[in-house]
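Novice: Here the working numbering is used: position 128 in the sequence shown is 299, and no number is missing along the way. We put the CB at the ideal spot given by N, CA and C, even for glycine. Just dropping this structure here.
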Amino acid sequence: MLSILAAGSVFFPGLFLLSKQCLKRLPGLRWSEGDAVMVSARLVSSVQAVMASSAGYIISTSCDDIIEDQHWLTTSYILFAVPYFVYDIYAMFLCHWHKLQVKGHEVDNGPKSKSVALSSYLRREFLMVLHHVVMVTVCFPISVFWRQGKGDYFQGVMFLAELSTPSVCLGKILIQYKQQHTLLHKVNGALMLITFFICRVLLFPYLYYVYGRYASIPLYQVPLAVPWQCNLGAALLMAPQLYWFSLICRGALRLFTGRSSRSRSPTSPSKLLPDGHASTSQPANGYSGRVATLDPPTTMIH
Numbered sequence: 172m173l174s175i176l177a178a179g180s181v182f183f184p185g186l187f188l189l190s191k192q193c194l195k196r197l198p199g200l201r202w203s204e205g206d207a208v209m210v211s212a213r214l215v216s217s218v219q220a221v222m223a224s225s226a227g228y229i230i231s232t233s234c235d236d237i238i239e240d241q242h243w244l245t246t247s248y249i250l251f252a253v254p255y256f257v258y259d260i261y262a263m264f265l266c267h268w269h270k271l272q273v274k275g276h277e278v279d280n281g282p283k284s285k286s287v288a289l290s291s292y293l294r295r296e297f298l299m300v301l302h303h304v305v306m307v308t309v310c311f312p313i314s315v316f317w318r319q320g321k322g323d324y325f326q327g328v329m330f331l332a333e334l335s336t337p338s339v340c341l342g343k344i345l346i347q348y349k350q351q352h353t354l355l356h357k358v359n360g361a362l363m364l365i366t367f368f369i370c371r372v373l374l375f376p377y378l379y380y381v382y383g384r385y386a387s388i389p390l391y392q393v394p395l396a397v398p399w400q401c402n403l404g405a406a407l408l409m410a411p412q413l414y415w416f417s418l419i420c421r422g423a424l425r426l427f428t429g430r431s432s433r434s435r436s437p438t439s440p441s442k443l444l445p446d447g448h449a450s451t452s453q454p455a456n457g458y459s460g461r462v463a464t465l466d467p468p469t470t471m472i473h
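See the structure below:
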């Protein structure tokens with residue numbers, strides 16, 4: 172168990188540092204520190220998503236009995252992925268820090284400026300940070316110990332929620348390089364909207380439906396048949412997914428109907444960047460209700 176945790180603790184930060192150095196040194200790229208940090212963070216999230224989805228597919232297709240059947244990969248991948256949440260909190264802060272520097276909000280690298288950046292990061296990313304902390308402190312012990320080897324199928328299906336993450340990360344990169352006008356951004360946005368809805372919004376209704384078939388009871392009776400802790404956990408995990416999906420839908424409406432910030436009242440000159448773009452300070456997770464883009468957070472549920 173400890174060896175798997177240690178492997179995850181080395182793998183994710185190591186992949187981040189390696190990809191950052193490659194992006195900064197490869198001929199033809201030689202990106203700045205900030206660009207390399209933000210792209211590397213999204214690359215690591217995408218790699219983790221592919222690994223989690225692959226593990227979820229293997230687990231869910233290997234379990235004939237959705238309650239009793241077990242697969243060794245379930246607990247192993249949970250242990251391996253737990254350090255990712257800790258790493259990602261720091262990676263999101265680095266992205267936030269470099270965005271502030273690009274926008275000219277923080278130009279001093281001293282302790283005071285870092286403390287201000289940390290405070291603004293925690294305010295802006297409170298829900299995301301809370302989500303990651305809960306994954307480590309609550310969901311991890313529940314998944315590994317409280318389940319007592321039951322329901323590996325459900326755990327595997329929940330891993331499949333990560334199928335939406337690569338399109339999320341690509342959307343962030345496209346927005347980072349101001350490619351919102353491209354066909355790729357629109358196609359990726361549509362894919363992200365569909366995968367997020369199927370893999371995250373419909374996830375828990377599907378799990379309740381599967382259990383209802385297993386127990387031969389109607390869907391509406393399932394919440395009464397399962398332990399109250401399951402209902403509470405499902406509600407707490409689904410709530411932020413519904414919130415984020417509502418923001419994605421707002422962005423999709425603006426993107427595909429052509430509505431943008433130009434349809435609003437003019438932005439004051441003091442809020443414009445030198446290239447003429449409004450300086451709407453986006454959170455590090457990319458959400459903004461004021462821009463015509465699709466850019467949800469990179470998150471996962473286990």
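What are the start and end residues of the alpha helix (DSSP H) that includes Leu407?
Specialist: Start and end: Trp399 to Thr428.
Novice: State yes or no: is the C-beta of Phe251 within less than 8 Å of the C-beta of Ala178?
Specialist: In contact: Phe251 and Ala178 (Cβ atoms closer than 8 Å).
Novice: Go through the segment 323-348 residue by residue and report every complete run of the beta strand (DSSP E) that reaches 3 residues or more, in order.
Specialist: Whole beta strand (DSSP E) segments, 3+ residues: zero.
Novice: Report all residues from its chain with a CB closer than 8 Å to the CB of Pro445; omit the five preceding and five following residues, and keep chain order.
Specialist: Bear in mind that the predicted position of Pro445 carries a pLDDT of just 33, short of 50, making it unreliable; the figure below should be weighed with that in mind. So no residue of the chain qualifies.
Novice: On the criterion of 16 or more Cβ atoms from any shown chain inside 10 Å, does Phe182 qualify as buried, or is it exposed?
Specialist: Buried.
Novice: Under 8 Å, do Asp323 and Asp235 count as touching if we go by C-beta distance?
Specialist: Cβ distance not < 8 Å, so Asp323 and Asp235 don't count as in contact.
Novice: Give the DSSP-derived three-state secondary structure of Ser180 in the structure shown.
Specialist: It is helical.
Novice: Would you mind reading off the limits of the alpha helix (DSSP H) that contains Val309?
Specialist: That residue, Val309, is in no alpha helix (DSSP H); it is neither H nor E in DSSP.
Novice: Starting from Phe367, trace the alpha helix (DSSP H) in both directions and tell me its first and last residue.
Specialist: First-last of the alpha helix (DSSP H) with Phe367: Leu354 to Phe367.
Novice: For Lys343, count the other beta carbons within 10 Å of its own beta carbon; 16 or more makes it buried, fewer makes it exposed. Which is it?
Specialist: By the 10 Å Cβ count, Lys343 comes out buried.
Novice: Pick from Leu301, Phe375, Leu413 and Lys191: whose alpha carbon is nearest that of Gly327?
Specialist: It is Phe375.
Novice: Taking the continuous alpha helix (DSSP H) assigned at Leu395, which residues delimit it?
Specialist: Per DSSP, Leu395 belongs to the alpha helix (DSSP H) from Val393 to Ala396.
Novice: Using the three-state DSSP reduction, which class does Met125 fall into: helix, strand or coil?
Specialist: The structure shown does not extend to residue 125, since the chain is modelled only from 172 to 473, so the question has no answer here.
Novice: Excluding the five sequence neighbours on either side, which residues of its own chain have a C-beta within less than 8 Å of the C-beta of Ile388, listed in chain order?
Specialist: Cβ within range, chain order: Ala396.
Novice: Where does Glu296 sit, in a helix, a strand or coil, going by DSSP?
Specialist: Reduced to three states, the DSSP call for Glu296 is coil.
Novice: Quick check: Phe187 and Val215, are their CB atoms within less than 8 Å of each other?
Specialist: Yes; because the gap between Cβ atoms is below 8 Å, this pair is in contact.
Novice: Using the rule of at least 16 other Cβ atoms within 10 Å of the residue's Cβ for burial, across every protein chain shown, is Glu204 buried or exposed?
Specialist: Its Cβ having fewer than 16 others within 10 Å, Glu204 is exposed.
Novice: Where Ser224 and Arg425 are concerned, what is the direct C-alpha to C-alpha distance, given to the nearest angstrom?
Specialist: Distance between the alpha carbons of Ser224 and Arg425: 30 Å.
Novice: Taking the straight line between their C-alpha atoms, what separation do you get for Val300 and Gln272?
Specialist: Their Cα atoms are separated by approximately 21 Å.
Novice: Quick one: is Gly360 buried, meaning 16 or more other Cβ sit within 10 Å of its Cβ, or exposed?
Specialist: Buried is the call here.
Novice: Rounded to a whole number of angstroms, what is the C-alpha to C-alpha distance between Ser291 and Tyr414?
Specialist: For Ser291 and Tyr414, the distance between alpha carbons rounds to 21 Å.
Novice: Around the Cβ of Ser436, are there at least 16 other Cβ atoms within 10 angstroms (buried) or fewer (exposed)?
Specialist: In this prediction, Ser436 scores a pLDDT of 41, lower than 50, which makes its location untrustworthy; the coordinate-derived value is nonetheless stated afterwards. Under this definition Ser436 is an exposed residue.
Novice: So Lys195 packs on Ala207, CB below 8 Å; how close in whole Å?
Specialist: Correct: roughly 5 Å between the Cβ atoms.
Novice: Helix, strand or coil: how does DSSP classify Cys234 here?
Specialist: Cys234: coil per DSSP, three-state reduction.
Novice: Phe375 lies in the alpha helix (DSSP H); which residues open and close that run?
Specialist: Looking at the DSSP string, the run of the alpha helix (DSSP H) that includes Phe375 is Leu374 to Ala386.
Novice: How long is the line joining the alpha carbons of Val257 and Arg318, rounded to whole angstroms?
Specialist: Spanning the two alpha carbons is a distance of roughly 23 Å.
Novice: So, under 8 Å CB-CB, Gln412 and Val372 are touching, yes? Tell me the CB distance rounded to an integer number of Å.
Specialist: Rounded, the Cβ-Cβ distance is 6 Å, consistent with contact.
Novice: Within 10 Å of its beta-carbon, does Phe367 have 16 or more other beta-carbons around it, so buried, or fewer, so exposed?
Specialist: Buried, by the Cβ-count rule.
Novice: As a quick exercise: from Ser217, Ile238 and His242, pick the residue whose alpha carbon is nearest that of Tyr228.
Specialist: The option with the nearest alpha carbon to Tyr228 is His242.
Novice: Could you name the residues of the same chain whose beta carbon sits closer than 6 Å to that of Gly383, not counting the 5 residues immediately before and after it, in chain order?
Specialist: Excluding positions up to five away in sequence, the list reads Leu390 and Val393.
Novice: Could you check what DSSP says for Arg213 in three-state terms: helix, strand or coil?
Specialist: Three-state result, Arg213: helix.
Novice: Buried or exposed for Lys349, going by 16 or more other Cβ atoms inside 10 Å?
Specialist: So Lys349 counts as exposed.
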